[in-house]
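**Q** A single structure is presented below for examination.
Numbering (the working numbering), first residue to last: 89 to 876.
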């Protein structure tokens with residue numbers, strides 16, 4: 089066993105989650121440099137350490153000490169004190185000032201700093217304010233070190249312990265002892281389960297009021313991850329009771345108290361008459377890979393699985409944030425819904441001129457859409473592929489251009505915005521960029537949620553006469569609320585989307601709720617135009633949506649079905665299509681051909697497909713750097729996807745010459761990019777997204793990325809690819825649905841290739857079941873309209 093004592097010269101590496109650190113020290117006795125490796129709770133450069141451990145020989149880095157025990161020491165002599173203070177350990181104190189402090193107070197320096205910090209102002213160059221700041225830093229470092237040691241007793245990581253101390257300071261001891269669930273309310277990254285583990289170690293009883301209330305909120309916020317803005321009371325009680333392992337009666341008795349505390353809102357509502365199968369619980373389990381027993385054969389909905397009771401009362405329980413988000417969204421929609429007075433005859437005359445100039449011919453529904461756009465403050469245009477939505481948008485733009493109106497275009501994703509720009513000739517932005525997203529989120533104290541912060545809002549609205557938003561099916565309730573806050577009453581807002589697509593990944597069902605409220609002007613385009621009718625992709629998409637038979641044996645240029653009856657044969661065929669056949673056929677790079685699958689897990693799930701496709705499309709090479717993270721190997725050249733919204737991460741876009749041309753913040757769930765560089769020394773991965781935007785990820789941030797050679801169909805929303813390859817194999821009934829395969833097929837621009845079993849494909853077409861999504865925007869809209 090060896091022992092060393094000295095000053096920490098440099099922290100070479102530190103894992104903030106577990107405290108694993110590599111540092112170098114200068115020996116106090118001999119001045120030699122030693123490298124120490126071990127787990128340290130809280131440590132900083134400049135501090136004095138006494139450590140013992142085993143000396144080992146690293147094949148690359150040489151001799152090191154594997155630390156088994158250590159103690160941080162206060163500097164013991166004036167030389168040591170001066171060295172410590174001059175190391176940068178105390179903010180604002182450099183080498184020269186450290187020398188003056190120690191020269192003034194000598195061996196009494198640290199006692200003065202701790203007990204009489206105001207006396208530091210006796211030193212030239214130190215004001216009274218700075219003196220107190222130095223004293224506070226010394227005290228905080230001591231308190232922080234004690235807090236780290238205390239928190240580690242409860243299995244809390246170093247990184248999280250720092251967050252806890254920064255949030256509460258010395259009050260953390262009382263909070264942890266009395267109500268550790270407060271951590272889940274106040275600190276990002278601490279969920280209910282983590283707080284529950286801490287509470288169990290502290291000795292909080294299972295039926296504690298704090299625990300049950302925290303568990304109820306956790307259940308509601310978990311539900312938003314599956315698209316719900318509320319849960320029925322019975323459903324909430326059942327889920328929360330299972331989570332907490334308590335009786336349902338324990339849940340029920342706290343709901344009223346939480347409503348009084350304004351943490352919940354409970355509203356009675358009438359169940360909508362519907363013929364959809366109420367299987368959302370199974371569907372959510374299947375998405376996460378937890379398979380539930382399902383019938384072998386798809387059949388007609390029956391009394392056991394259909395929610396078809398009209399006007400039955402239901403108590404909806406919201407986390408307050410989502411209730412008021414829906415309510416304010418409904419109010420702002422109502423405020424925009426004003427009617428103009430321009431004569432229809434005059435609009436038709438102007439349209440005739442535009443049609444002649446543009447050499448287009450609109451059908452009556454498209455003309456009606458333009459008339460409504462001119463005379464309505466709020467308009468929804470919906471329709472499937474090939475029904476003329478783009479032509480209608482272009483005509484609306486030309487009409488307003490003639491009136492010298494300012495027009496803004498936007499879509500939820502970068503790819504959708506790029507398509508909109510190409511289709512209209514007008515610059516379209518992402519909604520986030522339109523609203524001028526900043527890197528700093530804003531904290532809502534009442535809701536415990538961190539929301540996006542946009543520069544554009546009611547105090548700084550968008551400057552436009554007309555705003556057109558495409559791909560509205562992707563817009564969730566939070567983004568819609570932020571958008572409406574930035575739209576002035578009197579501005580025309582035109583919402584365009586295909587209501588039959590899958591709903592948004594985020595909570596809410598905005599487009600469908602607006603349409604089904606029947607409170608706003610809606611134009612549904614239905615005619616498939618001649619040019620679109622020549623595409624089997626478009627024709628078959630409409631057949632799928634209508635539940636009709638698809639002639640998969642028919643020869644087609646853009647809708648192909650390759651029959652394979654074994655998962656491995658399906659994979660082999662997909663590799664051949666992506667690597668050899670489709671790139672030349674659709675005149676695209678092989679990385680632009682997208683494999684899309686219904687599920688994440690399973691023999692043909694995206695996780696397994698990615699590992700296989702990576703080996704064939706981007707095999708390992710001595711020239712390609714790699715980084716293993718969890719079970720994934722990231723490699724230079726890999727196609728990757730951002731899997732969570734990160735509003736703070738910065739990007740820089742470059743032109744083809746490599747010159748920076750723009751900067752901004754924010755990368756979003758579903759964005760696709762390529763790994764351009766992996767720097768193992770700097771521990772960085774550089775990913776390039778659309779429009780040359782490059783983002784640097786630290787190795788710790790790789791949890792935000794996954795391989796994207798294959799993606800789930802849900803993740804494809806709002807995107808379009810030159811060619812799409814879809815494996816067709818048996819899976820859970822609640823996933824193998826009509827609107828899922830409809831969404832997949834409509835993502836292809838030039839070619840769809842389905843590979844697998846024909847009868848499974850037809851089963852999907854026949855399966856009209858939709859995942860139940862609890863959303864109350866329609867109710868809020870109807871309530872506001874009823875009060876008028």
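We put the CB at the ideal spot given by N, CA and C, even for glycine.
In its own chain, which residues sit with a C-beta less than 6 Å from the C-beta of residue 406, not counting the 5 before and 5 after it?
**A** Here the set comprises 318, 353.
**Q** Measuring straight from C-alpha to C-alpha, what distance separates residue 744 and residue 781?
**A** When rounded, the distance between both Cα atoms is 11 Å.
**Q** Check whether the region 839-853 touches the region 579-591, counting contact only when three or more Cβ pairs, one atom from each stretch, lie closer than 8 Å.
**A** The answer is no - the region 579-591 does not touch the region 839-853, with fewer than three Cβ pairs under 8 Å.
**Q** Taking the CB atoms as reference points, tell me whether residue 795 and residue 687 lie closer together than 8 Å.
**A** Going by C-beta atoms, residue 795 is not nearer than 8 Å to residue 687.
**Q** Thinking C-alpha only, which one of 821, 421, 857 is nearest residue 568?
**A** Answer by Cα proximity: 421.
**Q** Consult DSSP for residue 807 and reduce its assignment to one of helix, strand or coil.
**A** Looking at residue 807 - three-state DSSP - the assignment turns out to be coil, as it is neither helix nor strand.
**Q** Can you tell me which of 309, 418, 258 puts its alpha carbon nearest to the alpha carbon of residue 865?
**A** Looking at the Cα atoms, 418 is the closest of the given residues.
**Q** How many Å lie between residue 868 and residue 414 at the Cα?
**A** For residue 868 and residue 414, the distance between alpha carbons rounds to 7 Å.
**Q** Flag this pair as touching only if the region 283-292 and the region 556-576 have three or more C-beta atom pairs under 8 Å; answer yes or no.
**A** No: fewer than three Cβ pairs fall under 8 Å.
**Q** Mind checking who residue 785 pairs with in its DSSP beta bridge?
**A** According to DSSP, residue 785 bridges with 773.
**Q** Please go through the region 159-237 and give each complete alpha helix (DSSP H) segment of 4 or more residues, from N-terminal end onward.
**A** The region 159-237 contains these whole alpha helix (DSSP H) runs: 166-173, 183-193, 197-203.
**Q** Hey, could you find the ends of the alpha helix (DSSP H) residue 757 is sitting in?
**A** Run containing residue 757: none; DSSP gives neither H nor E here.
**Q** If we count the other Cβ atoms within 10 Å of its Cβ and call it buried at 16 or more, is residue 548 buried or exposed?
**A** Residue 548 is exposed by the Cβ-count criterion.
**Q** Going by DSSP, what residues sit across from residue 93 in a beta bridge?
**A** Residue 93 is bridged to 138.
**Q** Could you check what DSSP says for residue 384 in three-state terms: helix, strand or coil?
**A** Note that residue 384 has pLDDT 33, beneath the 50 cutoff, so the model's placement of it is unreliable and the number below is only indicative. Note: residue 384 maps to coil in three-state DSSP.
**Q** Which of the three DSSP states, helix, strand or coil, is assigned to residue 415?
**A** If DSSP states are grouped into helix, strand and coil, residue 415 belongs with the helices.
**Q** Please list the terminal residues of the continuous alpha helix (DSSP H) segment that includes residue 617.
**A** No alpha helix (DSSP H) contains residue 617, which DSSP labels as neither H nor E.
**Q** Considering residue 303, what are the terminal residues of the alpha helix (DSSP H) in which it resides?
**A** 297-312 is the span of the alpha helix (DSSP H), which, as asked, contains residue 303.
**Q** Mark residue 241 as exposed unless 16 or more other C-beta atoms lie within 10 angstroms of its C-beta, in which case mark it buried.
**A** Exposed, by the Cβ-count rule.
**Q** Since I believe residue 95 is in contact with residue 114 (beta carbons under 8 Å), could you give me their beta-carbon distance rounded to a whole number of angstroms?
**A** With 8 Å as the limit, residue 114 and residue 95 qualify as a contact, their Cβ atoms being about 5 Å apart.
**Q** Determine, using beta-carbon pairs with one atom in the region 800-808 and one in the region 500-517, whether at least three such pairs fall under 8 Å.
**A** Flag = yes, the region 800-808 and the region 500-517 touch.
**Q** Please report how far the alpha carbon of residue 623 lies from the alpha carbon of residue 255, in whole angstroms.
**A** Near 59 Å, if we compare the C-alpha coordinates of residue 255 and residue 623.
**Q** Taking 8 Å as the limit between beta carbons, can you name the residues of its chain near residue 180, skipping five residues before and five after?
**A** Cβ neighbours of residue 180 beyond the five flanking positions: 218, 221, 222.
**Q** At which residue ranges does the region 586-616 contain complete alpha helix (DSSP H) runs of 4 or more residues, listed in the order of the chain?
**A** The qualifying runs are 598-604.
**Q** Can you check DSSP and say which residues form a bridge with residue 517?
**A** Answer by DSSP bridge pairing, in chain order: 498.
**Q** Which word fits residue 863, buried or exposed, when buried means at least 16 other C-beta atoms lie within 10 angstroms of its C-beta?
**A** Label assigned to residue 863: buried.
**Q** Report the rounded CA-to-CA distance for residue 905 versus residue 473, giving the unit in angstroms.
**A** Because the chain here runs from 89 to 876, residue 905 falls outside it and cannot be looked at.
**Q** State the CB to CB distance for the pair residue 762 and residue 776, rounded to an integer number of angstroms; the pair is presumed to be in contact (CB under 8 Å).
**A** Confirmed, about 5 Å.
**Q** Would you mind stating whether residue 797 and residue 691 have Cβ atoms separated by less than 8 Å?
**A** Taking 8 Å as the Cβ cut-off, residue 797 and residue 691 do not qualify as a contacting pair.
**Q** By the DSSP assignment, the alpha helix (DSSP H) with residue 444 in it spans what residues?
**A** Per DSSP, residue 444 belongs to the alpha helix (DSSP H) from 432-446.
**Q** Which whole runs of the beta strand (DSSP E) in the region 810-867 are 3 residues long or more, in chain order?
**A** Listed in chain order, the complete beta strand (DSSP E) runs (minimum 3 residues) inside the region 810-867 are 836-844.
**Q** Report the option in 681, 832, 98, 702 whose CA atom is closest to the CA atom of residue 632.
**A** When only C-alpha atoms are compared, the closest one is 832.
**Q** Does the Cβ of residue 718 have 16 or more other Cβ atoms within 10 Å, making it buried, or fewer, making it exposed?
**A** The residue in question, residue 718, is exposed, as its Cβ has fewer than 16 Cβ neighbours within 10 Å.
**Q** Using 10 angstroms around the beta-carbon of residue 348, count the other beta-carbons present and answer buried if the total reaches 16, otherwise exposed.
**A** When all chains shown are included, residue 348 counts as exposed.
**Q** Just grab the DSSP bridge partners of residue 704 for me.
**A** Bridge partners of residue 704: none, in fact.
**Q** DSSP beta-bridge partners for residue 734?
**A** Note: residue 734 sits in a beta bridge opposite 755.
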